[in-house]
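Residue numbers (the numbering used here), protein chains in the order written: chain H, 6 to 260; chain W, 6 to 260; chain F, 6 to 260.
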């Protein structure tokens with residue numbers, strides 16, 4: 006006996022699998038080979054009967070159990086969510102977005118291709134995130150510069166940015182291409198391309214190419230040693246992004 | 006076919022809506038117009054058959070999906086929870102409590118009216134929270150001064166307190182009326198009315214009326230510019246609270 | 006009407022209780038008196054048909070609602086999880102592991118006996134944790150020394166370690182017997198037995214026996230005043246562990 010419920014107004018591609026106790030609401034479009042886990046709400050909280058207010062999830066995506074995705078978002082192929090994830094409305098995402106367990110995307114956000122968020126990440130409303138960005142556990146993107154207020158200054162993260170575990174990104178922060186925040190940083194202002202920022206004052210402490218692992222002599226930017234984690238078709242873009250980040254080194258002391 | 010389960014011992018007001026796969030247990034009283042989402046446990050884990058051990062949720066409340074609320078709490082009208090919230094037993098809350106997604110209220114807590122908690126907030130056992138308090142993401146109210154121990158020194162937050170994202174409130178902390186903790190502060194001790202505290206040493210760095218947004222010239226305390234977010238009937242209370250906080254400015258340098 | 010689903014290949018001990026809307030998959034072995042809450046996935050995501058890839062949960066365990074436990078782990082008697090917990094594959098745990106609500110154990114981890122994790126704890130892949138360890142809310146055990154990379158340097162926590170709320174444990178950290186991290190510490194390197202570390206630089210600020218509560222004159226290590234929280238059969242081990250930690254005091258100034 007099954008408790009899954011799939012709206013007759015949903016469009017399901019070939020080979021779609023829907024978990025137990027999961028509900029797929031109206032105006033949901035699932036690409037070929039999409040897998041939805043158990044206890045999920047897909048396309049919930051539709052605002053009105055607007056047929057344009059569609060939730061599209063691209064081919065080959067996997068949504069893990071207890072995840073809630075609101076109506077009115079579009080995800081490219083290869084979306085992956087962890088368990089207990091939450092994605093509100095009007096999100097636009099490119100290819101292969103990865104959203105960790107307990108991660109909350111608050112609506113009106115834009116993600117490029119191949120963005121990876123670990124668990125407990127909070128992506129504040131209206132955030133703009135480029136391609137190949139990494140957000141580690143507990144990273145929070147705020148957007149209110151004077152809480153509480155009606156003001157909104159979302160965070161912008163350009164291509165190749167890495168934000169390590171436990172960082173808070175203050176309202177209006179812009180991290181430029183390939184910049185890097187170390188664990189527990191309160192990031193603020195306009196962070197230069199390739200800069201490493203650290204600490205409660207978001208101080209620039211070097212260029213990302215200065216980061217390396219002594220034991221294995223692995224050296225950042227990560228595009229040098231981690232491109233194999235991505236599919237073949239992404240690697241040329243990764244190589245070129247790595248070159249742009251490497252070039253930003255010239256602006257740094259001891260560059 | 007529905008998998009919802011509603012106890013015959015629960016009392017449901019007019020227009021109550023219960024989501025799919027949700028269980029409403031014994032001794033639950035839901036006011037008129039309450040909406041409960043999917044995959045919720047409402048009134049679970051009742052300790053014994055005590056008929057006084059009631060869970061009451063006031064009129065017009067909304068409990069979002071995957072939320073667990075234990076028996077033995079009372080919430081005024083207009084409770085709102087996000088998704089995946091957790092509220093343990095013996096909580097008492099006034100009007101319009103808002104509990105964000107993944108937020109955990111640990112039991113024996115008291116909330117005044119119009120308290121707003123964002124996501125991933127942990128409200129330690131026995132916390133005392135006044136009216137119009139704001140707790141942002143990842144704020145943690147501790148209560149054990151020598152972990153682990155049998156000691157309990159819960160946190161007290163008076164009316165109009167604002168605690169920004171990622172703060173840890175140390176055991177026994179009291180934040181007085183309208184005081185304000187900036188992002189990532191380790192708050193401790195007795196924080197004076199209207200004081201701003203910041204950093205790992207919980208240093209007082211000014212009065213809340215010194216906080217403003219340069220671009221829009223919006224100025225705190227928030228009661229000056231954010232009262233419209235609340236219903237009409239709350240605004241006179243908000244105005245008077247704002248005046249009390251403003252008056253606390255006299256005690257500060259450059260007051 | 007029930008929506009629970011229990012595989013015929015699962016082995017259930019005497020007095021096992023399975024919640025509503027819960028699925029128990031193949032190759033799951035539940036000891037006597039195990040209680041599983043609602044909306045749980047027990048033994049999900051089995052990798053292949055390997056009959057050795059078993060999930061064993063020991064006698065007297067309680068798994069609370071909305072919890073996901075993957076295949077291929079072994080838990081001793083008395084496991085307790087909070088709500089919305091997540092435990093991935095190949096975890097090995099001794100007696101009475103406690104996993105708080107929203108806590109995520111990432112796989113390949115080893116826990117000794119009587120480990121307690123509060124909520125929102127992230128135990129990175131491959132972590133090694135001894136006996137009688139305490140991890141408070143939001144504690145994160147990382148494992149990648151150069152994120153993102155293919156490198157893995159998991160964290161090791163020896164017996165009796167206490168990690169207070171909001172700490173980040175950097176890759177490769179080893180905390181030796183009975184060492185203690187205060188709230189919000191970025192812990193790194195090799196922390197000596199009994200040492201207290203604090204702050205963003207993980208500075209040693211004393212020995213754990215220097216920690217006491219002035220009001221009640223309760224003094225750490227906690228084995229002196231908190232052993233009663235554990236069952237009778239554990240207390241002799243706790244007493245001996247406390248003596249070892251106390252002995253480490255000799256190496257400290259003002260020891």
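Cβ atoms here follow ideal geometry from the backbone N, Cα and C, with glycine treated the same way.
CB residue 189 of chain W to CB residue 257 of chain W, shorter than 8 Å? Reading the second chain from its first residue, position 184 is the one you call residue 189 of chain W. Reading the second chain from its first residue, position 252 is the one you call residue 257 of chain W. No, these two residues do not count as a Cβ contact at 8 Å.
Could you tell me whether the Cβ of residue 142 of chain W comes closer than 8 Å to any Cβ of chain H? As a position in the second chain, residue 142 of chain W is number 137, starting the count at 1. Any Cβ of chain H closer than 8 Å to the Cβ of residue 142 of chain W would place that residue at the interface, and such an atom is present.
DSSP three-state call for residue 213 of chain F: helix, strand or coil? Taking the third chain and counting its residues from 1, the one referred to as residue 213 of chain F is at position 208. Helix, per DSSP.
Since residue 246 of chain H meets chain F, which of its residues come closer than 8 Å, beta carbon to beta carbon? Start at 1 with the first residue of the first chain, and residue 246 of chain H comes out as number 241. Here the premise fails: no neighbours, minimum Cβ distance about 13 Å.
Only counting the same chain, and skipping five residues up and downstream in sequence, which positions put a Cβ closer than 6 Å to that of residue 180 of chain H? As a first step, residue 180 of chain H must be located in the first chain, where it is residue number 175. The residues are 162, 166, 196.
Suppose you measure from the CA of residue 13 of chain W to the CA of residue 69 of chain W; what does that come to, to the nearest Å? Residue mapping note: residue 13 of chain W aligns to position 8 of the second chain, counting from 1. Residue mapping note: residue 69 of chain W aligns to position 64 of the second chain, counting from 1. So the alpha carbons of these two residues sit roughly 22 Å apart.
Could you check which residue in W:224, W:21, W:114, W:130 has the C-alpha nearest to that of residue 215 of chain W? Counted from its first residue, the second chain places residue 215 of chain W at position 210. Looking at the Cα atoms, W:224 is the closest of the given residues.
Inter-stretch contact at 8 Å, needing at least 3 Cβ pairs: the stretch 169-185 of chain H / the stretch 107-119 of chain F: They do not touch, by the three-pair rule.
Measuring straight from C-alpha to C-alpha, what distance separates residue 78 of chain H and residue 92 of chain W? The residue given as residue 78 of chain H occupies position 73 in the first chain. The residue given as residue 92 of chain W occupies position 87 in the second chain. Computed Cα separation, rounded: 30 Å.
What's the C-alpha gap between residue 84 of chain F and residue 254 of chain W? Your numbering for residue 84 of chain F matches position 79 in the third chain. Your numbering for residue 254 of chain W matches position 249 in the second chain. Taking the straight line from one Cα to the other gives about 52 Å.
Going by the DSSP bridge assignment, what does residue 231 of chain W pair with across the sheet? Numbered from 1 along the second chain, position 226 holds the residue referred to as residue 231 of chain W. Residue 231 of chain W is not bridged by DSSP to any residue.
Go through its chain and collect everything with a Cβ distance to residue 61 of chain F's Cβ below 7 Å, but skip five positions before and after it. Locating residue 61 of chain F in the third chain gives position 56, where the first residue counts as 1. 34, 79, 80, listed in sequence order.
If you count every other CB in all the chains shown that lies within 10 Å of the CB of residue 98 of chain F, and 16 or more means buried, which is it? Position 93 of the third chain, counting from 1, holds the residue named residue 98 of chain F. With 16 or more Cβ atoms within 10 Å of its Cβ, residue 98 of chain F is classed as buried.
Whole-angstrom distance between residue 176 of chain W and residue 220 of chain F, CA atom to CA atom: Locating residue 220 of chain F in the third chain gives position 215, counting from the first residue. Locating residue 176 of chain W in the second chain gives position 171, counting from the first residue. Roughly 13 Å between the two C-alpha positions.
Which complete beta strand (DSSP E) runs does the stretch 17-47 of chain F hold, if anything under 3 residues is left out? Counting whole runs of 3 or more residues, the stretch 17-47 of chain F contains the beta strand (DSSP E) stretches 33-35.
Rounded Cβ spacing between residue 20 of chain H and residue 9 of chain H (contact assumed at less than 8 Å): Reading the first chain from its first residue, position 15 is the one you call residue 20 of chain H. Reading the first chain from its first residue, position 4 is the one you call residue 9 of chain H. Going by Cβ atoms, the distance from residue 20 of chain H to residue 9 of chain H rounds to 16 Å, so no, they are not a contact pair.
Buried or exposed: residue 244 of chain W, going by 16 or more other Cβ atoms within 10 Å of its Cβ? Residue numbering aside, residue 244 of chain W sits at position 239 when the second chain is read from its first letter. Exposed.
Chain-ordered residues of the stretch 127-153 of chain W with a beta carbon less than 8 Å from chain F: Per Cβ criterion, the list reads 127, 143, 145, 147, 150, 151, 152, 153.
For residue 102 of chain H, the nearest candidate out of H:136, H:218, H:240, H:199 (CA to CA): As a position in the first chain, residue 102 of chain H is number 97, starting the count at 1. Distance check between residue 102 of chain H and each of H:136, H:218, H:240, H:199 places H:136 closest, using alpha-carbon atoms only.
If I'm right that residue 66 of chain F touches residue 36 of chain F with Cβ under 8 Å, what's the distance once you round it to whole angstroms? Here residue 66 of chain F is taken as the residue at index 61 of the third chain, counted from 1. Here residue 36 of chain F is taken as the residue at index 31 of the third chain, counted from 1. Distance from residue 66 of chain F to residue 36 of chain F at the Cβ level is roughly 7 Å; contact confirmed, criterion being Cβ atoms closer than 8 Å.
Look up residue 154 of chain F in the DSSP assignment and say whether it is helix, strand or coil. Position 149 of the third chain, counted from the first residue, corresponds to residue 154 of chain F. Here residue 154 of chain F sits in coil by DSSP.
Check the Cβ of residue 221 of chain W against every Cβ in chain H and list those closer than 7 Å, keeping chain order. What you label residue 221 of chain W is simply residue 216 of the second chain in a count that begins at 1. Within 7 Å Cβ-Cβ: 156.
Please list the residues of the stretch 190-215 of chain F that have a C-beta atom closer than 8 Å to any C-beta atom in chain W, keeping them in chain order. Within the stretch 190-215 of chain F, the residues whose Cβ lies closer than 8 Å to any Cβ of chain W are, in chain order, 204, 205.
Given a cut-off of 8 Å on the beta-carbon distance, is the pair residue 141 of chain F and residue 120 of chain F in contact? By 1-based counting over the third chain, the position of residue 141 of chain F is 136. By 1-based counting over the third chain, the position of residue 120 of chain F is 115. Contact: no.
Measure how close the beta-carbons of residue 143 of chain H and residue 143 of chain F come, nearest whole angstrom, since I'm counting them as under 8 Å. If you number the first chain from 1, residue 143 of chain H lands on position 138. If you number the third chain from 1, residue 143 of chain F lands on position 138. About 7 Å separates the two Cβ atoms, so the contact holds.
Shorter than 8 Å from the beta carbon of residue 106 of chain W to some beta carbon of chain H? Sequence index remark: in the second chain, residue 106 of chain W carries index 101 (1-based). True, the Cβ-Cβ gap to chain H drops below 8 Å.
Residue 162 of chain F by DSSP, collapsed to three states: which one? For this step, residue 162 of chain F is matched to residue 157 along the third chain. Shown here, residue 162 of chain F sits in a strand according to DSSP, grouped into three states.
When you compare only the Cα positions, how much space is there between residue 148 of chain W and residue 94 of chain W? The count along the second chain starts at 1 and reaches residue 148 of chain W at position 143. The count along the second chain starts at 1 and reaches residue 94 of chain W at position 89. Taking the straight line joining both Cα atoms gives about 17 Å.
Inspect the beta-carbon positions of residue 43 of chain H and residue 28 of chain F and report whether they are closer than 8 Å. One-based indexing of the first chain puts residue 43 of chain H at position 38. One-based indexing of the third chain puts residue 28 of chain F at position 23. Yes, the pair counts as a contact, with Cβ atoms nearer than the cut-off.
What separation, rounded to the nearest whole angstrom, lies between the Cα atoms of residue 11 of chain F and residue 18 of chain H? On the third chain, position 6 is the one that residue 11 of chain F refers to. On the first chain, position 13 is the one that residue 18 of chain H refers to. Straight through space, the alpha carbons of residue 18 of chain H and residue 11 of chain F are spaced by roughly 30 Å.
DSSP bridge partner residues for residue 109 of chain F (one or two, in chain order): Indexing the third chain from 1 puts residue 109 of chain F at position 104. DSSP output for residue 109 of chain F lists F:91, F:127 as bridge partner(s).
Let me know if residue 228 of chain H comes out buried or exposed under the rule of 16 or more other beta-carbons within 10 Å of its beta-carbon. Taking the first chain and counting its residues from 1, the one referred to as residue 228 of chain H is at position 223. Buried, because 16 or more other Cβ atoms sit within 10 Å of the Cβ of residue 228 of chain H.
Own chain residues within Cβ distance below 7 Å of residue 32 of chain W, not counting five before or after: To locate residue 32 of chain W, count along the second chain from 1; it is residue 27. So the list reads 14, 48, 51, 56, 58, 59, 60, 76, once near-sequence residues are dropped.
Beta-carbon neighbours of residue 109 of chain H, restricted to chain F and to distances below 9 Å: Locating residue 109 of chain H in the first chain gives position 104, where the first residue counts as 1. Chain F residues near residue 109 of chain H: none, gap ~12 Å exceeds 9 Å.
Can you name, in chain order, every residue of its own chain whose Cβ lies under 7 Å from the Cβ of residue 63 of chain H, other than the five neighbours on each side? Walking along the first chain from the start, residue 63 of chain H turns up at place 58. Same-chain partners within the cutoff: 36, 80, 81, 82, 83, 84.
From the DSSP output, in three-state form, read off residue 69 of chain W for me. Here residue 69 of chain W is taken as the residue at index 64 of the second chain, counted from 1. Shown here, residue 69 of chain W sits in coil according to DSSP, grouped into three states, outside any helix or strand.
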